[in-house]
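Report on one structure; see the data block that follows.
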Amino acid sequence: QIVDENSQEDLWDAIRHRYVQWNITIIDGEVNRPPVRGDFLKVVCTSDTHELLENIIDLIPDGDVLIHAGDFTNFGDEGNITLFNELMGQLPHPHKLVIAGNHEMGFDHTEDLSIRRDKYRHEGTPEGWELLTNVTYLQDSSVEIDGVIFYGSPWHPLKGYPFYRPRHLIDHEWSRFPDRIDVLITHVPPLGYMDFYPNASERWGDFSLLNRVNDLRPKFHVFGHNHFNYGAQSNGPTTFMNVAAKNGTTKEVHIAPLVFYIAKQR
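For the sequence shown, the UniProt record's numbering assigns the number 1 to the initial residue and increments by one for each residue that follows.
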């Protein structure tokens with residue numbers, strides 16, 4: 001069954017030989033080790049909890065920064081936004097960064113509701129991000145923590161949802177990225193990096209996002225969206241992390257967050 005009619009799997013098959021890519025061995029949930037010298041941030045990352053953050057809340061390690069890369073609800077309803085906010089408020093991390101995903105209905109004021117999928121047509125909470133009082137909500141925006149720049153962007157190329165942009169226009173959203181990003185947070189993966197959707201043999205990543213990441217060379221790129229490819233990879237300059245907590249097409253949300261360490265810049 002086709003989910004993304006504009007999936008780029010054929011493109012990736014044709015160009016993958018041009019890209020460096022290797023799997024990172026995850027040890028005790030960590031994708032790297034703390035810097036030997038100097039101060040650092042411990043960053044904890046999850047995504048795609050789909051109203052079940054409480055299922056993994058005991059698996060979330062302490063840290064300096066907690067990232068959630070979108071799809072914390074299924075329909076963007078007020079009750080589940082509020083519950084998510086309350087649960088995030090119970091966690092001890094001094095900094096909590098959240099972006100929206102395609103399931104945060106109502107968060108995208110530019111959305112063309114005429115093309116939203118029928119089952120979601122009347123769902124959502126307009127400006128629902130205003131309920132997220134216990135976190136820093138990032139939407140095409142950044143925050144600096146101890147000199148480290150975190151930037152968040154919710155856009156994706158899956159038609160029928162909030163924050164959709166067709167592939168020939170989505171590069172406009174990536175062009176908003178500032179020249180310096182240390183940690184990039186998107187909902188969608190870059191093409192070819194932990195983005196394969198096996199049920200339809202599709203790749204849900206985006207080629208123009210991959211190009212932008214290669215140009216900017218952030219130290220880390222955190223994302224979710226695809227529930228089948230949890231893990232970490234590297235191309236040398238950038239560590240890519242798919243941190244989706246949901247397991248495949250099941251309703252189970254039980255995959256623990258991943259952790260990375262990054263040196264403070266001041």
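In this text, a Cβ means the ideal position worked out from N, Cα and C, and glycines have one as well.
With a threshold of 6 angstroms on Cβ separation, who are the neighbours of residue i within its own chain once the five nearest residues in sequence on each side are excluded?
i: P190; result: G205, L209, L210, V213
i: H95; result: V65, I145
Comparing alpha-carbon positions, which option in the options lies nearest residue i?
i: D118; options: F196, D215, G160, T249; result: G160
i: D140; options: R116, G106, V98, D112; result: V98
i: L216; options: V188, E51, S175, N229; result: S175
i: residue 273; options: L83, H50, N23; result: The question about residue 273 has no answer here: the residues shown for the chain are numbered 1 through 266.
On the criterion of 16 or more Cβ atoms from any shown chain inside 10 Å, does residue i qualify as buried, or is it exposed?
i: S153; result: buried
i: T186; result: buried
i: L132; result: buried
i: R18; result: exposed
i: Q21; result: exposed
i: S47; result: buried
i: A100; result: buried
i: L169; result: exposed
i: K251; result: exposed
i: E78; result: exposed
i: S7; result: buried
i: T109; result: Note that residue 109 corresponds to His in the displayed sequence, not to Thr. It is exposed - the Cβ of H109 has fewer than 16 other Cβ atoms within 10 Å.
i: G38; result: exposed
Using a Cβ-Cβ cutoff of less than 7 angstroms, which residues in the same chain neighbour residue i once the five nearest sequence positions on both sides are dropped?
i: G63; result: K42, V43, V44, H93, V259
i: W12; result: L191, G192, R203
i: V148; result: L41, D182, V183, I262, K264, Q265
i: D112; result: none
Suppose the cutoff is 8 angstroms on Cβ atoms and the five residues either side in sequence are ignored; what does the same chain contact list for residue i look like?
i: L87; result: L53, E54, I57
i: T136; result: H95, K96, L97, V98, V143
Throw me the rounded Cβ distance for the residue i and residue j pair, which I believe falls under 8 angstroms.
i: N226; j: M194; result: 7 angstroms
i: F207; j: H221; result: So it is not a contact: roughly 15 angstroms between Cβ atoms.
Worksheet item: How about the segment 169-184 and the segment 123-136: do they share at least three Cβ pairs that are nearer than 8 angstroms?
Response: no
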